[in-house]
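Engineer:
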Amino acid sequence: SESQVELDKIIQLLIDNPTVKIEISGHTDNIGKPSDNLALSNNRAKAVINYLVSKNVSVQRLTSKGYGETKPVADNKAEEGRAMNRRTEMRVVSQ
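End of the sequence shown = 100 in our numbering, gap-free, step of one.
#1: Check the C-beta distance from G31 over to S8 and give it rounded, since I have them as a contact under 8 Å.
#2: Identify the residues that DSSP records as bridge partners of T68: which are they?
#3: Taking the continuous beta strand (DSSP E) assigned at V97, which residues delimit it?
#4: Is the segment 79 to 88 touching the segment 58 to 67 in the sense that three or more CB pairs, one from each, lie closer than 8 Å?
#5: Please state if the CB of M95 and the CB of I29 are separated by a distance shorter than 9 Å.
Take a look at the structure:
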């Protein structure tokens, strides 16, 4: 899948840079209850961590946070925007 290809690029980046630590953040659209979206976003981020750990990335290099529907990147009024808001992001937190 496209997601797996992108995650495998992250794995290679982590292999090439053994001191890098990353934060994985999960996000949702605004459909449903905010509490459910927060749980979904946490699960989304943890699924990425589980995949990376299954590929021998140390869990000590990874943190996760779910933001639910609180950080949209697009308008939730249209399906295209909601699709963009259902995402996982990564950022380097230390090198």
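Note that beta-carbon positions come from the ideal geometry of N, C-alpha and C, so glycine has one too.
Structural biologist: Judging by the given coordinates:
#1: Indexing the sequence shown from 1 puts residue 31 at position 26. Indexing the sequence shown from 1 puts residue 8 at position 3. The pair is not a contact, with the Cβ atoms about 13 Å apart (cut-off 8 Å).
#2: Here the question's residue 68 lines up with position 63 in the sequence shown. Partner(s): E28.
#3: Working through the sequence shown from its first residue, we reach residue 97 at position 92. Counted as a single uninterrupted DSSP element, the beta strand (DSSP E) harbouring V97 occupies residues R92 to S99.
#4: no
#5: The residue given as residue 29 occupies position 24 in the sequence shown. The residue given as residue 95 occupies position 90 in the sequence shown. Result yes, Cβ atoms of I29 and M95 sit closer than 9 Å.
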